[in-house]
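Residue numbers (the numbering used here): 31 to 453.
For every residue, glycine included, the Cβ atom is placed at its ideal position computed from N, Cα and C.
A quick note: this is a predicted structure, and the numbers were derived from the prediction, not measured.
Below is one structure, written out as C-alpha cells, with a few remarks after it.
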Amino acid sequence: MILKHGNVVTEEGVRSLDLRIEEGKIAEIAPQIEGEGLDLTGLTVFPGLIDMHVHLREPGFERKEDMTSGCRAAVKGGFTQICCMPNTDPVVDNKVVVTYLKTRAKETGLCKVHPIGAITKGQRGEELAAIGAMKAAGAVAISEDGTSVPSAKIMAQAMQYAADFGLKCLCHCEDKALVDGGVVHEGYYSTLTGLKGSMRAAEDIMIAREICLAESLNLPVHICHVSTYSGVQLIREAKARGVQVTAETCPHYFTLTDEAIRDFDTDSKVNPPLREEKDRVAVIEGLRDGTLDCIVTDHAPHHEDEKRVEYALAAFGISGLETSFALSYTMLAKEGPLSLSELAALMSANPASILSLQGGRIVRGAPADLTIADLNAEWTIDPGQFVSKGKNTPFKGRKVFGKIKFTIVDGEIKYREGGEAEK
Ligand code: DOR
Ligand code: ZN
Ligand code: ZN
C-alpha cells in the first residue's frame, strides 16, 4: 500500500510525504513514491494514536462496554493501541485474566490492546497481585485505577516489585478519607448545587505521596489523570529535582470546568472531578511545558441506568475514545499553543515511551500504525453516533474540528470513515 500526498506529522514538523507500507511496516518515506496509492491530499497523517488509560469493562461489566465495542470505539477515535485498566470483575490481578484479555483482543482484531494489571489482589489494597506472572502474560503496567492503594508501605513494595519486572505503577491519586463521599469539586458550583464537594488536596496529597515514594526509592512512577493546578505544580517541581515522574491528563480537564455540573448533568460526573478555570489553564500549560507527558481518555463508559439517576448516585466517568482526538486538536492545536508535532508526541510517542510500546513515530521500519485525519472538518459531538456502548459524554452538542478518516494498524485499514470497521 502506498499513501500519497498526506501531510505527515513527524518530530521535525509537518511535510507532504508519501509512505509505502510493506508487511505491516513503514518501508519507505519520501516526497514522492512511484505507483498507485491511496490519495490523502488535504489530510493529515499522525503516528497511530495511543491511549494508555481506557476502561474496556470486560470481563464482568459488558453491559457498559466489551472488547469489541471498546475496540471499535478506539479505532473510530483514531487509536491504534490502547491499554485497559484492571478494575473489572474479576479484577485483572493474575495471568489468567491477562491472557483472556489478550485472546479477546486478538479475536476482535482491530487495535492493539495492552492489559494493565492490578497492584493488589482484587484491588483490595492488602497484598500484592501476581505482578511478575502478569508481566510474563503481557501486562504492560500495574495500576489500582479507580482508587489509590491506601497503604504507602504496600505502594512502596509495589513500586519495587514493578521495577524488578520493568513495569511502571500508574497511580490514580485520591485520598479517600479526604474525599469523604464528595462527588464534585469543592467550590462555587458545589455550593450552588448543594452537591458534596471534594477539595484539590484530596488529589494532591496522593500525588505528593507517590512522588515522595518514587524519590525515596529512586524509581519511576506515573500519575494518572491530573486535574488540579497544584498537582501540575507538584509534578513540575519533582521533575525539576530529577524525580522519575511522568503524568497524564484527559481532554475533559483541559476543556471543561466545574461549571458543567450546574445543570446536574450526570455526564459531567467524573473522578477526579472537573475543576476551576485556573486548573484548566494550568493543565494546558503543563501539557505545553512538558510537565504533563501525555493525553489519555480515561474512557469510562457506563450504562444509562448508572447515569440516569440523581447526581450523587450516578457513576463516575466519561466515554472518551470517540471525542479525544478532536477535542485535543481543537483545544490545544487549532485554538491552543501546541504544534501538530507536539500534539502527536502527547498522543502517541510519549505514551509509547512511558510504557515501552512499539510505535509512536512515523519512521522507516516502524509498525505501520497510522491515524489519518481531516483537520478542517468541523462536526458536532453526538453520542447517538458513538459505537461505544457508553453514551455518557458532557460534550454532547459541542462543535469540534478534526475528523478521523482512516485508522491503520500494522498496515491494515481498521477504520474508514463512513465504512464499517474492517477486519
Ligand atoms: O471517572 C472515573 N471513572 N474515574 C475513575 O477513576 C474510574 C473510572 C471508572 O472506572 O468508571
Ligand atoms: Zn482513575
Ligand atoms: Zn481510569
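Asked	Found
Span of the alpha helix (DSSP H) around residue 308	307–319
Whole-angstrom distance between residue 306 and residue 228, CA atom to CA atom	13 Å
First through last residue of the beta strand (DSSP E) which encompasses residue 49	43–52
Neighbourhood of residue 373 by C-beta, 7 Å cutoff - its chain only, sequence neighbours within 5 removed	358, 359, 362, 363
Cβ neighbour criterion (16 or more within 10 Å) applied to residue 420	buried
Rounded distance between the beta-carbons of residue 74 and residue 36, thought under 8 Å	7 Å
Ligand 1 heavy atom lying under 7 Å from the CB of residue 212	no
Supposed contact pair residue 67 and residue 34 - C-beta distance, whole angstroms, cut 8 Å	4 Å
Ranges of the beta strand (DSSP E) found wholly within the segment 406–441, counting only runs of at least 3	429–439
Residues bridged to residue 111 [DSSP beta-bridge criterion]	80, 142
Segments of 3+ residues assigned as beta strand (DSSP E) that fall wholly inside the segment 202–268	251–253
Residues that DSSP places opposite residue 37 in a beta bridge	46, 74
Coarse secondary structure for residue 453, derived from DSSP in three states	No answer about residue 453 holds up, because its pLDDT of 41 lies below 50 and its placement is not dependable.
Residue 300: CB within 7 Å of a non-hydrogen atom of ligand 1	yes
At least 3 beta-carbon pairs within less than 8 Å: the segment 182–194 vs the segment 285–305	no
beta-carbon residue 202 near ligand 2 non-hydrogen atom, thresh 7 Å	yes
Inter-stretch contact (C-beta, 8 Å, three-pair minimum) for the segment 403–420 and the segment 306–323	no
Best match in 298, 278, 187 for proximity to residue 340 [C-alpha to C-alpha]	298
Euclidean distance between Cα positions of residue 453 and residue 269	Note on residue 453: pLDDT 41, under 50, position unreliable in the model; the coordinate value appears next. Going by the C-alpha atoms only, they are around 42 Å apart.
Residue 390 vs residue 51 beta-carbon contact at 8 Å	no
Boundaries of the alpha helix (DSSP H) in which residue 105 is found, first to last residue	97–106
Span of the beta strand (DSSP E) around residue 279	275–279
Residue 103 Cβ short of 7 Å to ligand 1 heavy atom set	no
Residue from 259, 402, 337 whose Cα sits closest to the Cα of residue 300	337
Residue 200 versus residue 185 - alpha carbon distance	11 Å
Heavy atom of ligand 2 within 7 Å of residue 114 beta-carbon	no
CA-to-CA distance, residue 216 to residue 224, given in whole angstroms	10 Å
Within 8 Å, strictly: CB atoms of residue 202 and residue 174	yes
Whole-number beta carbon distance between residue 90 and residue 355, since they are thought to touch under 8 Å	With a Cβ gap of about 28 Å, residue 355 and residue 90 do not count as contacting.
Assigned exposure category for residue 272 - 16 Cβ within 10 Å defines buried	exposed
Any non-hydrogen atom of ligand 3 closer than 7 Å to residue 328 Cβ	yes
Test item: CB-CB of residue 387 and residue 111 under 8 Å	yes
Paired residues, beta bridge with residue 56 - DSSP	51
Residues bridged to residue 173 (per DSSP)	200
Alpha-carbon spacing of residue 132 relative to residue 63, whole angstroms	37 Å
Residue 335, enclosing alpha helix (DSSP H) - first and last residue	334–337
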